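A.B. asks:
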Amino acid sequence: MGRVCADCGQYRSCSCFSRNQWTKGNGWSRCMDCVDGVSYAPSYQCAICSRTFTNQNNLDMHMQVHRSRNVSCPVCGETRFKSGANAVQHVESGFCSGCRGEEHAREQIYRFAQSKKSMSRFMTDAPQLTYGNWNSNNQRVPDFPYQCPDCSKAFRQMSQLLQHQDQKHRQHNLLGY
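Here the sequence shown stands for residues 4 to 180, numbered as in the working numbering.
#1: Suppose the cutoff is 7 Å on Cβ atoms and the five residues either side in sequence are ignored; what does the same chain contact list for N58 look like?
#2: Looking at C99: is its Cβ nearer than 8 Å to the Cβ of V74?
#3: Looking at the structure shown, is A90 part of a helix, part of a strand, or coil, going by DSSP?
#4: Please report the straight-line C-alpha distance between N138 and R54, rounded to a whole angstrom.
#5: Using DSSP bridges, identify the partner residues of G5.
#6: My assumption, with CB atoms under 8 Å, is that R72 sits in contact with F84. Please give the rounded CB distance.
#7: Pick out whichever of R33, V91 and S118 has its Cα sitting closest to the Cα of E105.
#8: How many angstroms separate the CA atom of P148 from the CA atom of W25?
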């Protein structure tokens, strides 16, 4: 008779569990190795600083720490961001000095994306031509104006798309400037 350890996920005989752990029941019991700190769980190690993580996602998130801050804001040009998503979040939050506040940030990013030929593949509709100055009266930002070209998932904000591209498709700094 045995059961699966709640920590390491390995099937172990009852002799591998203390009486206290065994009485906790199936799905809650930890084997003696796990209780003593011996881990059979796979670990993922950072090639730069040797820090270890329990899963690939945690390692991927950690790797952002090692990126240089060489990405510029598409509106004010300030170079202090580690990714395109961070630079766009700076604008979307309303803290960009080149933008007129949070209420206009979505328009600013949408206008930026429309003006860059390299960004057209991320737009749900082909960029429309506008004459004269941009304002919300002659054209409004669609609810979900951005789309992943790899999996067709739609996004409300450019930063969400860039973060998705970075994490799911391993494509960094896609701002195209």
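Even glycine gets a Cβ: it sits at the ideal position worked out from N, Cα and C. Just so you know, these numbers come straight off a predicted model, no measurement behind them.
C.D. replies: On the basis of the data shown:
#1: Y47
#2: no
#3: Under the three-state reduction of DSSP output, A90 falls in the helix class.
#4: Here the model assigns N138 a pLDDT of 48, short of 50, so the residue's position is not dependable and the matter cannot be decided.
#5: S16
#6: 6 Å
#7: V91
#8: 54 Å
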